[in-house]
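Per this note's numbering, the very first residue in the sequence shown carries number 22; after that it's consecutive. Positions of the beta carbon are idealized from the N, C-alpha and C atoms, including for glycine. Okay, so here's the structure we're looking at.
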Amino acid sequence: MELTQKDRKPPRHIAIIMDGNGRWAKKRGLPRNAGHAAGAEAFRRIANYARTIGVEYLTVYAFSTENWRRSEEEISGIMRLLGAYLREAIRDMAKNHVRFKFFGDLSRLSPELQKLCLDAQSQSAQYDGVQVNFCLNYGGRDELVMAAKAFAADVVNGKHAPEDLTEDLLSGYLYSADVPDPELIIRPSGELRTSNFLLWQSAYSEFVFMDVLWPDFSEKDLDKAIAEFHGRNRRFGGV
Ligand code: FPP
């Protein structure tokens, strides 16, 4: 019997660079924040679908360490959308069973948003549905600097010696400490870069770049990316 896409398990961990919101809005003559609002809707759909098909971890790039270069209006629009989403997620937690984690330096966010992140994380810790890792004020290089500082502090306080450092030990200092590396990273919108996303964790990830803009990204697009993933020959440096 031939195996169809539906019989195949999706990757355990999928990561997505939610790109193309601005162009989606521009094409429609709308302000950029209308694109982000449509992007937040696309995220709701895809997170829900990922949960129903059995994805265990979904990591999304919502705001990078470089995104502070945008206009104040755009930044506050994105922050408002995130706040609204987290309030709704906290309210619907018992129904959706999504577990929330946050990757990034949250200290630069407003106290109100920081509290929503902490509440979403602590109140969802017991749920066993998909784990959503929200990357907020996240940069892959910034994460490695943070981890190096934390390890250095543990050397100074006597917990470790410099020669203790291994790949596994360093992984434990990252935001993703307890999360397996993503098998699949998807970037919609036609851009062919990683843009400082999951630099350490993506060493052996399969990348799927798609032309669709994030607000238009559908369940079918996720199926397509997963099908492409299943067609790849993953050798991890072997033959
Ligand atoms: C990249 O598109 C997108 C962002 C920098 C923001 C992502 C934010 C959201 C999807 C909204 C908040 C999220 C949730 C889940 C509530 P871009 O603006 O760089 O697009 P462009 O390259 O076309 O300009």
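Taking the continuous beta strand (DSSP E) assigned at residue i, which residues delimit it?
i    : result
A83  : Y78 to S85
Q152 : Q152 to Y159
K136 : K136 -> not in any beta strand (DSSP E); alpha helix (DSSP H) instead, spanning P132 to S145.
S181 : Before going further, note that residue 181 is His rather than Ser in the sequence given. Where H181 is concerned, there is no enclosing beta strand (DSSP E), given that its DSSP letter is neither H nor E.
Would residue i be called buried (16 or more neighbouring beta carbons within 10 Å of its own) or exposed?
i    : result
F257 : exposed
M22  : Unreliable positioning characterises M22 in this predicted model, as indicated by a pLDDT of 47, which lies under 50. The coordinate reading is nonetheless provided below. M22 should be labelled exposed.
T80  : buried
K170 : exposed
E133 : exposed
D242 : buried
V119 : buried
P183 : exposed
Y225 : exposed
L130 : buried
N158 : buried
D149 : exposed
S210 : buried
S97  : exposed
R29  : exposed
N178 : exposed
DSSP three-state label for residue i, please.
i    : result
F257 : coil
I74  : coil
Y148 : coil
D113 : coil
G98  : helix
G60  : helix
G104 : helix
S128 : helix
R53  : helix
K11  : Only positions 22 to 260 of the chain appear in this structure, which leaves residue 11 out of reach.
R91  : coil
R33  : coil
Residue range of the alpha helix (DSSP H) that residue i falls in?
i    : result
R120 : From DSSP, R120 is part of no alpha helix (DSSP H) but of the beta strand (DSSP E) over R120 to F124.
M39  : It is not in any alpha helix (DSSP H) - M39 carries neither H nor E in the DSSP assignment.
L191 : E188 to S192
Is residue i close to the ligand HEM? I mean its beta-carbon at under 7 angstroms from any heavy atom of the ligand.
i   : result
I74 : Of the ligands one can find in the structure shown, namely the ligand FPP, none is the ligand HEM.
Contiguous beta strand (DSSP E) assignments of at least 3 residues, all confined to the segment 196-251: With a minimum length of 3 residues, the continuous beta strand (DSSP E) runs that stay inside the segment 196-251 are 205-208 and 227-230.
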